[in-house]
Amino acid sequence: MAKKVILDCDPGSDDAIAIMLAMKDPSIDLLAITTVNGNRIVPKTTENALRVVQFMKSKVPVYRGCENPIFCNEIPGRKPGLPRVTLNDCHGDFLPLPEARITAEKEHAVFFLVKKFMESDGDISLASVGPLTNIAMALRIEPRIAGKIKEMVIMGGGHTGANASAAAEFNFYADPEAAKIVMDSPIPKVILPLDATWRACITEEQNQELHDLGTPEAIFASTMVQKRIDNLKVNDVSEHNFQLRHTPGTVASALLYRYDNDRAPIHDALAIAYLIDPTVITELADANVDIDTYGGPCDGRMVADFHNTKKFWDPITAKVALNADAEKFVEMLFRNLGKK
Ligand code: RIB
Ligand code: CA
């Protein structure tokens, strides 16, 4: 029986590959796509989602979501307006696909999420691969959806990695309050932070093999992967200035991660890969997860308490992934995107 999934995203090149993977794998029944302000403003992330749906000749509905973070950057130290993305990032404004001739649904994504989950039998999984604004707003409107979401797989955060600042990953950095609302909710969560996604990179050589599969999806995906790899090669314009937080001199630091610049992560697609085959994640630990929302140097940082120091009063509602099987992930991409 295929897994019912709703994908909340901010396309975004890796979001686009996540959408295609969800559409191609028979174990996923993609019910809907909801879009959010993130990599780009929501008119653009919605246009990009529609372009992928059109490209895939799919009937999956797209619902446009929130335009701004929940707490619009009123905290001192936060810049007004849109999330603080770097210029010349690996996404671009619009995906290299024909302009969408299809349109989004009339209903706002947040109201759609509330209605869909409340009407459900609790058998729908939610994959969130952008800022968590839509889900947080839905929780505020109808807290009971927390008991109706089968499982939430979230690409976000970094236990040792950061890419939007020296301390935070982009999806949580773009709307820290939304991330905190979701982390504080009882929704069963699997969080795939940069620690896992950066251990499931695709190499330039593998990307050429992906391209050579020759299907439209494989060629399109490989074009975006190459852009991600090329972007990371340029020292000062990395994906979001990805930084691995080294604690020099420790064994952990030496073992932590060796980044070769011939590869790139496809962060969001790993969330779908986990829903297809959870064994793609090789290390998963229970944790209480909190988010820094104080607008200081750690604004938006995920704090994973693996030592369960709050066990006396806070139930564990999250599992945090710390490692992944890159070969299994890349094989899954090949298997699905190479299908005629
Ligand atoms: O930090 C990676 C995340 O930020 C991905 O979801 C990517 O699409 C961007 O939104
Ligand atoms: Ca994303």
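When we follow our numbering, the leftmost residue of the sequence shown carries the number 5, and every step to the right adds one.
Ideal Cβ positions, reconstructed from N, Cα and C, are used throughout, including at glycine.
Does DSSP put T219 in a helix, in a strand, or in coil? By one-based count along the sequence shown, residue 219 stands at place 215. Coil.
Who's in the neighbourhood of ligand 1, going by beta-carbon under 6 angstroms from any heavy atom, listed in chain order? D14, G16, D18, D19, G42, N43, V133, G134, M159, N167, E173, F174, N175, H271, D272
Starting from the C-beta of V340, find all residues in its chain whose C-beta is less than 7 angstroms away, skip the five residues before and the five after it, and write them out in chain order. Against the sequence shown, residue 340 aligns to sequence position 336. Per the sequence shown, the amino acid found at residue 340 is Asn instead of Val. So the qualifying residues of the chain are L25, K28, D29.
Report yes or no: do the segment 174–191 and the segment 135–145 share at least 3 C-beta pairs separated by less than 8 angstroms? yes
The segment 265–274 contacting the segment 110–130, beta-carbon criterion three pairs below 8 angstroms: Touching, no, given that fewer than three Cβ pairs across the two stretches are closer than 8 angstroms.
Based on the DSSP output, what are the partners of N340 in its beta bridges? As a first step, residue 340 must be located in the sequence shown, where it is residue number 336. N340 is not bridged to any residue.
Please report the Cβ distance between I23 and A53, rounded to the nearest whole angstrom; I am assuming they are in contact, meaning their Cβ atoms lie under 8 angstroms. As a working note, residue 23 is residue 19 in the sequence shown. As a working note, residue 53 is residue 49 in the sequence shown. Indeed, because the Cβ distance is near 7 angstroms, the residues count as touching under 8 angstroms.
Three-state secondary structure assigned by DSSP to N327: In the sequence shown, the residue the question calls residue 327 occupies position 323. Correct three-state label for N327: strand.
Would you identify the three-state DSSP class for E335, choosing helix, strand or coil? In the sequence shown, the residue the question calls residue 335 occupies position 331. Looking at E335 - three-state DSSP - the assignment turns out to be helix.
Between the alpha carbons of V46 and M5, how many angstroms are there, rounded? Position 42 of the sequence shown, counting from 1, holds the residue named residue 46. Position 1 of the sequence shown, counting from 1, holds the residue named residue 5. If I take the Cα positions, the gap works out to 33 angstroms.
How should A170 be labelled, buried or exposed, when 16 other C-beta atoms within 10 angstroms of its C-beta is the threshold for buried? For the purposes of this step, residue 170 is identified with residue 166 of the sequence shown, where counting begins at 1. Of the residues assessed, A170 falls on the exposed side of the cut-off, its CB having fewer than 16 other CB atoms within 10 angstroms.
What are the boundary residues of the alpha helix (DSSP H) that T49 is part of? Here residue 49 corresponds to residue number 45 of the sequence shown, with the count starting at 1. T49 -> alpha helix (DSSP H) spans 46–59.
Cβ atoms of A273 and D18: under 8 angstroms apart, would you say? Mapped onto the sequence shown, residue 18 falls at position 14. Mapped onto the sequence shown, residue 273 falls at position 269. In contact: D18 and A273 (Cβ atoms closer than 8 angstroms).
For V66, count the other beta carbons within 10 Å of its own beta carbon; 16 or more makes it buried, fewer makes it exposed. Which is it? Indexing the sequence shown from 1 puts residue 66 at position 62. That one is buried.
Determine the closest residue to I223 out of I233, Q212, R232, with distance taken between C-alpha atoms. Within the sequence shown, residue 223 is the residue found at index 219, counting from 1. Considering only alpha carbons, the answer is Q212.
Is any non-hydrogen atom of ligand 4 found closer than 7 angstroms to the C-beta of A330, if you look at the structure I gave you? As presented, the structure is devoid of ligand 4, carrying ligand 1 and ligand 2 as its sole ligands.
Ordered along the chain, which non-local residues of its own chain (more than five positions away) have a Cβ less than 6 angstroms from that of D309? In the sequence shown, residue 309 corresponds to position 305, counting from 1. A291, N292, listed in sequence order.
Helix, strand or coil for E155 per DSSP? The residue labelled residue 155 in the question sits at position 151 within the sequence shown. In this structure, E155 counts as strand in the three-state DSSP scheme.
Can you tell me whether A258 is helix, strand or coil according to DSSP? Taking the sequence shown and counting its residues from 1, the one referred to as residue 258 is at position 254. The pLDDT assigned to A258 is 34, lower than 50, so where the model puts this residue is not dependable; a value taken from the coordinates is nonetheless given after this. The answer is helix: DSSP assigns A258 an H, G or I state.
Got a sec? Which residues, its chain only, sit under 7 angstroms from K344 by beta carbon, not counting five neighbours each side? For the purposes of this step, residue 344 is taken as the residue at position 340 of the sequence shown. Excluding sequence neighbours, K344 sits near T219.
Out of curiosity, what's the CA-to-CA distance linking L117 and L35? Taking the first residue of the sequence shown as 1, we reach residue 117 at position 113. Taking the first residue of the sequence shown as 1, we reach residue 35 at position 31. So the two alpha carbons sit approximately 11 angstroms from each other.
Between the segment 68–78 and the segment 199–211, are three or more C-beta pairs nearer than 8 angstroms? no
Starting from the N-terminal side, write out each stretch of the alpha helix (DSSP H) that is 4 residues or longer and does not extend beyond the segment 123–187. Whole alpha helix (DSSP H) segments, 4+ residues: 137–145, 174–178.
Distance, Cα to Cα, P87 vs S132? Residue 87 sits at position 83 when you count from the first residue of the sequence shown. Residue 132 sits at position 128 when you count from the first residue of the sequence shown. For P87, the predicted model reports a pLDDT of 48, less than 50, meaning its position is unreliable; a value from the coordinates is still stated below. Going by the C-alpha atoms only, they are around 17 angstroms apart.
A275 and V114: beta carbons closer than 8 angstroms? The count along the sequence shown starts at 1 and reaches residue 275 at position 271. The count along the sequence shown starts at 1 and reaches residue 114 at position 110. Their beta carbons are not under 8 angstroms apart, which means A275 does not touch V114 by this criterion.
Hey, quick one: how far does the alpha helix (DSSP H) through L198 stretch, first residue to last? Here residue 198 refers to the residue found at position 194 when the sequence shown is read from its first residue. Counting along the chain, the alpha helix (DSSP H) containing L198 begins and ends at 198–201.
What are the partner residues of E287, as DSSP defines its beta bridges? As a first step, residue 287 must be located in the sequence shown, where it is residue number 283. The partner list for E287 (beta bridge, DSSP) reads N327.
State the start and end residues of the unbroken alpha helix (DSSP H) segment that holds K28. For the purposes of this step, residue 28 is taken as residue 24 along the sequence shown, with counting starting at 1. Segment 17–28, the alpha helix (DSSP H) holding K28.
Should L217 and F59 be called a contact, given that it needs their Cβ atoms to be closer than 8 angstroms? Locating residue 217 in the sequence shown gives position 213, counting from the first residue. Locating residue 59 in the sequence shown gives position 55, counting from the first residue. No, the pair does not count as a contact, with Cβ atoms beyond the cut-off.
Coil, strand or helix - K119 by DSSP: Against the sequence shown, residue 119 aligns to sequence position 115. The answer is helix: DSSP assigns K119 an H, G or I state.
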